[in-house]
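Residue numbers (my numbering), protein chains in the order written: chain A, 1 to 231; chain B, 232 to 355; chain C, 356 to 1191.
Note sheet for the following structure.
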Amino acid sequence: MPAALPLLAACSGPQSVLDPAGPGAAAVATLWWVMFAGASLILLGVCGLALYAVLPRRRGRGLDAGRFLAGGGLAFPLAVLAVLLVVSLRAGEALLPHPGPRVVRAEGEARQWFWTFTQYDAAGRAIRTTDELHIPVGVPVDLRLTAADVIHSFWVPRLAGKLDAIPGHENLLRLQADAPGLYEGQCAEFCGLEHTRMRFRVRAHAPEDYAAALAGLRLTPTANPVPERSP
Amino acid sequence: MSAPGRTVQSRVPGILVATGAFILWSLAFLALYVAVSLGCAWGWDRPWDGAGGFGLSLQRLVALGVWGLHLLLLAGLLAWAWAPGPLDNGERQFRRVLAIGGAAFGLMATLWTGLPVFLASDCL
Amino acid sequence: MNALPPDPIRRHRALEAIWGTPPGLGRLAAVNHTVVGLRFMVTAFVFFAIGGVLAMLIRAQLATPGNTFMPPGLYNQVFTMHGTVMMFLFAIPMLEGLAMYLLPKMLGARDLAFPRLSAYGYWCYLLGGGFIILAMLLGIAPDGGWFMYTPLSSSTYTPGINADVWLLGITFVEISAVSAAVEITASILKMRAPGMSLARMPIFAWYMLVTAVMMLVGFPPLILGSILLEVERAFGLPFFDPTRGGDPLLWQHLFWLFGHPEVYIIFLPAAGVISTILPVFARHRLVGYNWIVLALVAMGFLSFGLWVHHMFAVGIPHMALGFFSAASMAVAIPTAVQIFAWLATLLKGRPRFDLPMLYLLGFFFIFVNGGLTGVMVAAVPFDWQVHDSYFVVAHLHYVLIGGFVFPLMAGAYYWLPHVTGRMPIYHLGHAAFWLVFIGVNMTFLLMHLTGLLGMPRRVYTYPAGIGWDWLNLLSSVGGFLSAIGFALFAVDMLLLRRFGRRAPRNPWGAETLEWAMPLPPPSYNFASLPPAESRDPLADRPRLGQEAAVGMHVLGTPRHGWMETLGVEAVSGRPEQVILLPRPSFLPLALGLATALCFLGLLLKAYWLTGLGLAGVLTVGWIWCWSLGARRDPARVAAGEGLFLPLHMVAPAQPGFLGMGLLLVADAAFFASLAFGALFLALVAPGWPPPALLAFDPWLSALGLAGLLAAPLATLLARASLRRGGTGACSWLMGLGALAGLLAAFAFAALPLWRGQDFTGHAYAATALVLGLYVALHAGLGAVMAGFTLARCRAGYVSALRDLAPRNTGLWQGYTALSGVAALLLLQLWPWLAAP
């Protein structure tokens, strides 16, 4: 992985985990950079030691093997892993859809090979769209995921991690965007012949524009029709 | 002693000496997973009145109980394995190392895998 | 033991006449572990080449955005087959073959415990693998991913024969995995050099012991899942269908309950290769033997607590994910113990830089890299991002190439003189190393970034401009580099086999027993079985090989054409019995063909063919078992070095008994998975509680229970009467046991069927049917075994001492009774779980 360092410039992209645009994705990106730095050091250390050990003239033949094993095999990984376990569970906790007063709800139903999203306007009326989810910026959105045929997975890397849409189950995914814009997503669970083409978007609107955007969707007939295909 | 050098441990089948602690770890792991799954299916995750105002759910209490019980058992196993024994003969030393090391590792692993009970939401 | 003078040449001829594989068509009857082990490895390498070609097709398709080289349907077949071939037809059989080839030689034995079983396993592997490859050539290869997630793989969404090819072909191949696991475990525990206690075993044997036990417990969940899915597809019984009380997540649990231990099943033997080779080139004995044994046992257990980390994104509660995340991180510790033990061995030694060392250094870099990314994906929130992205593709290839392929390539050069009697020359081997090393890193290091940039797995193409283009192109170039490297490696092996210079005995100065024999090894391994007085027998007595060749040690005198090897007490290694192994035979091939017929019938939905196959399996099985044993109690025999030992058929702890016990361990794992599935459905699946409960007839239940309990009881009584000296009572008691078994089989088959239920409506009824049939099948087989024992009693093959048949029958019936009682309890209590 150290060889990946010069590539840092190439970290942005419409579906890049490393180019976060929401608090959930940002927390994971931070976690990645910390783990990346730590892992690179450990890799260098272990491989350095292995290379050092095959040098013809070197020290270390009087090594106390018991201490070396207890230190390198037990104590060191235990310490590193303890930190990682606590940090990652804490981070994971922050990404969960904890109930809250400001949470906006929406629904996504997957089928081969498109998504039907349902968002609600202020009056609670459902507005259905295909392959484009509309959310307000700066507030948590809980997306309820279901599937009508096979398993699919909702993944918009710049906003949050992925969560599967499984027939017979309902899963709740917390999304939040920091800025208005279009965020690309792609089905991440292999779902058959056209899995590759199952792309979709999340469009985040500034809070003041959100109501207007939804109203516009209600008036645009093209946003509504859901192609009916029986499985 | 009638048979010099025989210890309590040497009467236990070797396979248990080496694996007993890990079997306990497996039981603890399985019991924790089952307890959490059952609790979520049966709605044990709400704060429970019996918890004495700590705001703990019945589920978390059950998980803590399962975890604590296995930790106690493993601590007992470690104490048992530690009982003094001779280190002269290669075979017996090997058994003793397996017994102590296994118990210590099993205890550590059980302690470790139970940590999420404190750190994670139970049914979210 | 002085029937022959200590002339090694005459001894060799006499032994070769007994142990050699017959020429010509007789090769199909081969059961020798050297022959079968090499067949496994060569076949696995051919499958590796096929999987490699598939990988290159994938890289060709993905090299540029919007590529139209392959249409999506074909691409799906290709990536499915790549994973399937590499996992099931390359990695697992390769490690089985390696273990079969090496273990008896390292342990100081002449063959494995059940040579015919390993031959049968090989035929199952070859025929099952052949099925799958044939289907691919016909264009009907499986296309649902090597993980076959339902509902995509159900008949609704994959109506063709493709998925059936996977389910039936892989189950067929898994027979060889389970039989190899039984074989390897029993051989390690019972068949070692005199005095080789567990504490003195070569470390590789410890690795394989843990691996084999893991296989016994790890494969049954997959076999169960495959059977259930095939039954759902073929007969409409729902287990995974969410609209009828099934749950697609059950498939994922069963699959990964196998799938994660599988990773360690693949890694551990390769790590065992490292622990064997590295000390030889470090010129220092392995540091931390005890630590490593403990770490292995720990890994064996911990690896069964990781499976849900493949399911972090399916919506399981965070606390439950936490347990699996913690266990996934914890498994890094026994791995770290081994890595540091290897480092310590290198540091304390005076490493000699030979070609195998180069591959080991490559291993260090690639495997540690894969291990570190493994710890990363164990962190739940990070996994939510990278799961099913190319990051995971990179991770798993680092682990499997680093943790399996590199150690095996080191092993290939290390044992080349052993297998072929030729020393490696290093020109091509170096070039192959650098091509593979650079190629693999170029392909997969970059793939981490591809995944982080958001590219999901299993897409057949991608649009330009997302930042994935140059990464994929470079990955493809790297892929072709490594493919050239692997081809070079294969060429090198062939050339060396032909043109390498002759290897002297023990060319590397190793200290394990496989080097105490002439090279290439004779079919009987050791002319006499050398003692193991420490962990490094050749270090204490460098001339052990020559001593063995002149017959100085145990069983040095061939007699009666017997294929003799030594059986020891499992822990202490004290000589206990002389095991007479069965001669080469066509029965394994016949049984393999009959089994193939069963599977072919299921695949083509020509069930009469399956019936024919089953009849064949039973017939050949009967002949097979009948051909072993003796008609009178043999006396103790001289085994050399002052030992007088019983022959195995009258020894109390003969391997056959252990083998049955191990088979039942696998069977119990199967039943436990089924019970887990039943409970899981009741708790988690949608559509529970079921619309109607089955009404179990109390009379039938009582009848079944009575039959189940009576059968083992009759066998117990029969054995008691044998001990009193009569065989007459034995016969009619076994007959009674057979009747009781038939009764139980009938009752359990009828239990759910009694009222003409509809089993296709809800998973509850379907699962109840499977539980009932499981017990019925076991009771029925128990009846066949009791009948077999009866016939053996009457033919004089059974006595108080020669009691393998009644003991194994009793063991089987006892297990059947236990599982039957558990199934009855489950059937009563289980619906209540869904609605307490």
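By construction, the Cβ of each residue, glycine as well, lies at the ideal position given by its N, Cα and C atoms.
Quick one: residues in its chain with C-beta nearer than 6 Å to the C-beta of residue i, no 5 flanking neighbours on either side, listed in chain order?
i	result
C:Ile516	Ile495
C:Ala904	Pro363 and Ala882
C:Ser1198	Beyond the ends of chain C as shown, which are 356 and 1191, falls residue 1198 of chain C; an answer cannot be given.
C:Leu1159	Gly1011
B:Leu338	Leu305 and Leu309
C:Ala712	It is worth fixing the name first, because residue 712 of chain C is Met in this sequence and not Ala. Cβ neighbours of C:Met712 beyond the five flanking positions: Phe636.
C:Asn724	Tyr753
A:Pro225	The predicted position of A:Pro225 is uncertain, since its pLDDT is 47 and thus under 50; a value taken from the coordinates is nonetheless stated next. Correct list: empty, nothing qualifies.
C:Ala1178	Leu1126 and Val1130
Taking 8 Å as the limit between beta carbons, can you name the residues of its chain near residue i, skipping five residues before and five after?
i	result
B:Thr344	Trp256, Ala259, Phe260 and Leu263
A:Gly13	Asp19
Who are the near neighbours of residue i in its chain, counting only those whose CB is closer than 7 Å to its CB and skipping five residues on each side?
i	result
C:Thr700	Leu633, Pro634, Ala637, His639, Leu641 and Val642
C:Glu888	Gly550 and Asp895
C:Ala418	Asn827, Leu828 and Ser831
C:Gly573	Phe613, Pro616, Glu617 and Ile620
C:Pro886	Ala548, Pro549, Gly550 and His908
C:Phe445	Ala399, Phe402, Phe403 and Gly406
C:Lys545	Ala468, Gly922, Val923, Ala925, Pro1010 and Leu1013
B:Met232	Any reading at B:Met232 is ruled out, since the residue's pLDDT is 33, under 50, leaving its predicted position unreliable.
Let me check understanding here. Comparing Cα to Cα, which of the options lies closest to residue i?
i	options	result
C:Ser473	C:Gly677, C:Ser534 and C:Cys1148	C:Ser534
A:Ala27	A:Val83, A:Asn171, A:Ser88 and A:Pro136	A:Ser88
A:His134	A:Leu182, A:Val150 and A:Ala160	A:Leu182
C:Leu623	C:Ser1056, C:Ala970 and C:Phe759	C:Phe759
C:Gly670	A:Ala211, A:Phe154, A:Ser16 and A:Thr30	A:Phe154
C:Leu964	C:Gly483, C:Ala951 and C:Trp917	C:Ala951
C:Trp979	C:Met425, C:Arg365, C:Met449 and C:Tyr475	C:Tyr475
C:Gly1116	C:Phe434, C:Ala1105 and C:Pro597	C:Pro597
B:Pro278	B:Leu289, B:Val293 and B:Gly296	B:Leu289
C:Ala1057	C:Gly834, C:His437, C:Ala1095 and C:Phe1143	C:Ala1095
C:Ala949	C:Gln932, C:Trp478, C:Leu458 and C:Gly375	C:Trp478
C:Ile488	C:Met1015, C:Pro1067 and C:Met441	C:Met441
Can residue i and residue j be called in contact, C-beta distance under 8 Å?
i	j	result
B:Ala252	B:Ala310	no
A:Phe114	A:Thr130	yes
B:Ala340	C:Ala685	yes
C:Trp611	C:His665	yes
C:Phe746	C:Gly806	yes
C:Ile413	C:Phe443	no
C:His742	C:Phe667	yes
C:Ile530	C:Gly916	no
C:Pro377	C:Met461	no
C:Ala993	C:Phe999	yes
C:Leu893	C:Ala871	yes
C:Arg1055	C:Ala1099	Checking the displayed sequence, the identity of residue 1055 of chain C turns out to be Leu instead of Arg. No.
By the 9 Å beta-carbon criterion, what residues does the stretch 670-686 of chain C contribute toward chain B? Ile671, Pro672, His673, Met674, Ala675, Leu676, Gly677, Phe678, Phe679, Ser680, Ala681, Ala682, Met684 and Ala685
Three or more C-beta pairs below 8 Å linking the stretch 1116-1136 of chain C and the stretch 1025-1043 of chain C: yes
Using a Cβ distance threshold of 8 Å, determine whether the stretch 560-576 of chain C contacts the stretch 649-659 of chain C, with at least three qualifying pairs required. yes
May I ask you to list, following chain order, the residues of the stretch 629-659 of chain C that have a beta carbon less than 8 Å from some beta carbon of chain B? Asn645, Trp646, Val648, Leu649, Val652, Ala653, Gly655, Phe656, Leu657 and Phe659
Cβ pair count under 8 Å reaching 3, the stretch 56-69 of chain A against the stretch 145-152 of chain A: no
Can you give me, in chain order, the residues of the stretch 164-175 of chain A that have a beta carbon less than 9 Å from any beta carbon in chain B? Leu172
When the Cβ atoms of the stretch 21-36 of chain A are set against those of the stretch 155-163 of chain A, are three or more pairs found closer than 8 Å? yes
Any residues in the stretch 325-355 of chain B with a beta carbon nearer than 7 Å to a beta carbon of chain A? Which ones, in chain order? Leu346, Pro347, Leu350, Ala351, Ser352 and Leu355
Are the stretch 373-387 of chain C and the stretch 457-473 of chain C touching by the rule of at least three beta carbon pairs closer than 8 Å? yes
Could you name the residues of the stretch 179-207 of chain A whose beta carbon sits closer than 8 Å to any beta carbon of chain C, in the order they occur along the chain? Glu184, Gln186, Cys187, Ala188, Glu189, Phe190, Cys191, Gly192, Leu193, Glu194, His195 and Thr196
What residues in the stretch 685-708 of chain C bring their beta carbon closer than 7 Å to a beta carbon of chain A? Ala687, Ile688, Ala691, Val692, Ile694, Phe695, Ala696, Leu698, Ala699, Leu701, Leu702, Lys703, Pro706 and Phe708
By the 9 Å beta-carbon criterion, what residues does the stretch 73-97 of chain A contribute toward chain B? Leu74, Leu78, Leu81, Ala82, Leu85, Val86, Leu89, Arg90, Gly92, Glu93, Leu96 and Pro97
Does the stretch 851-862 of chain C touch the stretch 775-786 of chain C, meaning 3 or more C-beta pairs lie closer than 8 Å? yes
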